[in-house]
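Read through the structure below, which is laid out as structure tokens, and then see the notes.
In UniProt numbering, the protein residues as written are 1 to 410.
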């Protein structure tokens, strides 16, 4: 250990006292570096300038938010005592690390899941950088979905037709799809799955921002995790309600036989003609009910993993791969919790209206009776198999699209 002067594997009181004194001396030096006008206090403008010198742009709102973390008297200015008290336990003695510790311990966050959208700074909103992020994300999603479409179609096939009676599995499922329609059939339903990215992302983002404003009120308080959960869930409900007919068409197209539909428009026209308008919202209730457990578990586990990492690695920020790992694990746990509802939704979407009137409850009872609890997780294996390639492809494409669009990460 660096401060174990006698190298006995322990820190005695004298060594600890020396560490605190050295640490305070460095903190005082950094305080003076930020306090450009040497008036003994640090304000928002000085914080912005310090971050700018490190290559990170901070808007006024974010700088003031950081001040509030240290500021005890509500003046939006911090003196030496407030600075020392807040940072004395920060293990790093590097100037840039101290500023990053200050910033990321409060605001580092990503909304890299299907329910909670990304949060953008005020500067990103004003400069229009937010839409470039969305476009880059949309491009990444399109390529990722296309690359993993065969696994997605297999999942739908197992959800709807899989049972203990036919022993339909991954190998037999792929074999069945290839025999019925050839290699090209593996991508059935992918077209509309890619098309719906744009309206779904845009609606979810706009709804999320509006709901967040309601929670913020006059803007005097920060948005907490529960606020984000509620905002994300409501945004998910709004966007899903608007684009849900596309979800139904995706399922119908994925399950179609060769020659049944010539395309998306033909599918929509025939489904409407023979089953009516109501068919476009079949399975809507379990779909909406699934948003709550997914969003709650996904966000809670993501935040827990991120905080656990930061508690064990206090001298460095979590890198992009750590955050991707946290997001993948949390999303997987969220899927496990909501998967039975997703399966029931898919079965309702696939059911031809004039051939039966199954409900969410009746399908649930039927699955339990015929296949037991494991029947509620049919298709889960291919769903998990596509996670790693989907995340990897999305990251690579997003980074390239981001750079091409001139999006900076601040």
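Heads up, the beta-carbon is just placed ideally off N, CA and C, and yes, glycines get one too. This one's a predicted model, so the numbers in the text were calculated from it and none came from an experiment.
Our two residues, residue 313 and residue 297, have alpha carbons roughly 24 Å apart in a direct line. Residue 182 sits away from residue 157, with the two beta carbons spaced by 7 Å or more. Among the bridge pairs identified by DSSP, residue 79 is matched with 41.
The residue from 81, 43, 373 and 214 with its alpha-carbon nearest to that of residue 63 is 43. Note on geometry: alpha-carbon atoms of residue 279 and residue 287 lie some 14 Å from one another. Note that the C-beta distance between residue 211 and residue 235 is below 7 Å.
For residue 131, the enclosing alpha helix (DSSP H) begins and ends at 129-147. Look at residue 260 here: in three-state DSSP terms it is coil, with no helix or strand label. For the set 151, 39 and 40, the Cα lying nearest the Cα of residue 385 is the one of 151. DSSP places residue 359 outside both helix and strand once states are collapsed to three, so it counts as coil. As the crow flies, the alpha-carbon of residue 195 is around 31 Å from that of residue 364.
Rounded to the nearest whole angstrom, the CA to CA distance from residue 179 to residue 376 is 27 Å. Taken atom to atom, the span from the alpha-carbon of residue 293 to that of residue 340 is near 11 Å. The Cβ neighbour count for residue 166, taken over all protein chains shown within 10 Å, is under 16; the residue is labelled exposed. Scanning 206, 142 and 283 for the CA closest to the CA of residue 362 turns up 283. Secondary structure note for residue 392: its alpha helix (DSSP H) is the uninterrupted segment 387-404.
In the three-state DSSP reduction, residue 282 falls in the coil class, being neither helix nor strand. Here the alpha carbon of residue 259 sits roughly 27 Å from the alpha carbon of residue 383. The straight-line gap separating the alpha-carbon atoms of residue 214 and residue 267 is approximately 40 Å.
Shown here, residue 190 sits in a helix according to DSSP, grouped into three states. Between the stretch 391-400 and the stretch 131-149, the count of C-beta pairs closer than 8 Å reaches three or more; the two stretches touch. Under a 10 Å Cβ-count criterion, residue 346 is classified as buried, with 16 or more other Cβ atoms of the shown protein chains found around its own Cβ.
Cβ atoms of residue 228 and residue 186 stay farther apart than 8 Å, at about 37 Å. Look at the beta carbons and you see the stretch 34-41 touching the stretch 73-82: at least three pairs across the two are nearer than 8 Å.
Counting along the chain, the unbroken alpha helix (DSSP H) around residue 173 starts and ends at 170-181. Residue 352 sits in coil when the DSSP states are folded into three classes, being neither helix nor strand.
At the C-beta level, residue 249 and residue 192 come within 7 Å of one another.
In this structure, the beta-carbon distance from residue 334 to residue 253 does not fall below 7 Å. Comparing alpha-carbon positions, the option among 323, 161, 289 and 291 lying closest to residue 305 turns out to be 323. Shown here, residue 160 sits in a helix according to DSSP, grouped into three states. Counting other Cβ atoms within 10 Å of its Cβ, residue 52 stays below 16 and is therefore classed as exposed.
Ranked by how close their Cα comes to the Cα of residue 125, the residues 65, 24 and 59 have 59 in first place. Counting only residues of its own chain and dropping the five nearest sequence neighbours on each side, residue 237 has a CB closer than 7 Å to the CB of 288 and 291. For a cut-off of 8 Å, the C-beta gap from residue 327 to residue 309 is around 12 Å, too long to register as a contact. With fewer than 16 neighbouring CB atoms inside 10 Å of its own CB, residue 406 falls in the exposed class. Look at residue 196 here: in three-state DSSP terms it is coil, with no helix or strand label.
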